[in-house]
Amino acid sequence: MLTESEAVALQEALRQRVVSEDVFTAPVRFIAGADVEYDKHRDLIAGAIVLLDAKTKAVVEVATHVMPAPFPYVPGLFSFREMPPLLAAYRQLRQTPDVLICDGHGLAHPRRFGLACHIGVELNIPTIGCGKTRLTGYYQDLAPERGATTPLTDEATGEILGQVVRTQTGINPVFVSVGHRIGLASAVELVLAMSESVRLPETTRQADAYARQAWLAAIG
DNA sequence: GCGACAG
DNA sequence: ATCTTGTCGC
């Protein structure tokens, strides 16, 4: 297994390949979601990739993969734990998504290389990071209405790492950042489009449900 | 040294 | 991620 310092070195090298501008086919027709399921008592991790019709939000394809956890949970080294089962699931897809929304951050990461960037660079596909809580960066108060956004910034450099996005009025926001081959504005637009009446994008919700199902089937 | 820390 | 019920508020 990779050591932590080797993982950090790999991030520093791969981050150079991230493309943070729109390089994808628009309008988006097939949009994918990725999520994993596990618990702290077992060494098993289940990953799921779902493909949705962007217009109807109907699930058109699902792929899952269960395997022993390849790496422990370490904040900042998240992708080394969650990416392997997701890549295995992704390889089973028949269709290629126009963009993939990940359950975790992209550039909004201490070394600017979160899960969404890692998967995007590894598969060379457009990816978006959409996390439920903050990992790094600071932000100002956010208006309570759905659609409100405020930048997530690095206080030291002023660099914009992502956008804090209110997908539902009066509900905790989500943290959107660039994964690969997409600009931040498009990333926010797609996350909002996939969250018309729910907090998390429909892609993430479906991926979560299928990952949980695969995990439950695996542990019996 | 102390606090923070995606899932 | 998970441990975990009822309860407050729109």
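Under this note's numbering, the residues of the first sequence are numbered 207 to 426, in order.
Yeah, the Cβ is synthetic: ideal placement off N, Cα and C, and Gly gets one too.
Would you call the CB atoms of Leu348 and Leu358 closer than 7 Å? no
Who pairs with Thr355 in a beta bridge, going by DSSP? Val371
Could you have a look at Thr363 and say whether DSSP puts it in helix, strand or coil? Looking at Thr363 - three-state DSSP - the assignment turns out to be coil, as it is neither helix nor strand.
Where the alpha helix (DSSP H) through His386 begins and ends: Per DSSP, His386 belongs to no alpha helix (DSSP H); it is in the beta strand (DSSP E), Val380 to His386.
Can you tell me whether Phe272 is helix, strand or coil according to DSSP? Note that residue 272 is Val in the sequence shown here, rather than Phe. Three-state DSSP puts Val272 in a strand.
Counting Cβ pairs, one atom from each stretch, are 3 or more of them under 8 Å apart for the segment 365 to 382 and the segment 211 to 228? Touching, no, given that fewer than three Cβ pairs across the two stretches are closer than 8 Å.
Host beta strand (DSSP E) of Ile425 (start-end): Taken as a continuous stretch (DSSP letters only), Ile425 belongs to no beta strand (DSSP E), being part of the alpha helix (DSSP H) at Glu408 to Ile425.
Here's a check: name, in chain order, each residue in its chain whose Cβ is nearer than 6 Å to the Cβ of Val305, leaving out the five neighbours to either side. Phe230, Val234, Ile237 and Pro332
Determine the burial state of Tyr296: buried for a count of at least 16 other Cβ atoms within 10 Å of its Cβ, exposed for fewer. Buried, since its Cβ has 16 or more Cβ neighbours within 10 Å.
Which class does Gly335 belong to by DSSP, given the choice of helix, strand or coil? strand
Beta-carbon proximity of Pro407 to Ile255, cut-off 7 Å: no
Val225 and His386 look like a contact to me (Cβ under 8 Å); what is the Cβ gap, rounded to whole Å? 6 Å
First and last residue of the alpha helix (DSSP H) that includes Val394? First-last of the alpha helix (DSSP H) with Val394: Leu390 to Ala399.
Residues of its chain near Leu216, where Cβ-Cβ distance is below 8 Å and the 5 sequence neighbours each way are ignored: Its chain contains Leu208 as the residues whose beta carbon lies nearer than 8 Å to that of Leu216, once the 5 sequence neighbours on both sides are disregarded; these appear in chain order.
Which full runs of the alpha helix (DSSP H) of 4+ residues lie inside the segment 273 to 345, going along the chain? 285 to 296 and 321 to 329
Check this for me: beta carbons of Glu267 and Leu299, under 7 Å apart or not? Yes, the Cβ-Cβ distance between Glu267 and Leu299 is below 7 Å.
Where Asp245 falls, given that 16 or more other Cβ within 10 Å makes a residue buried: exposed
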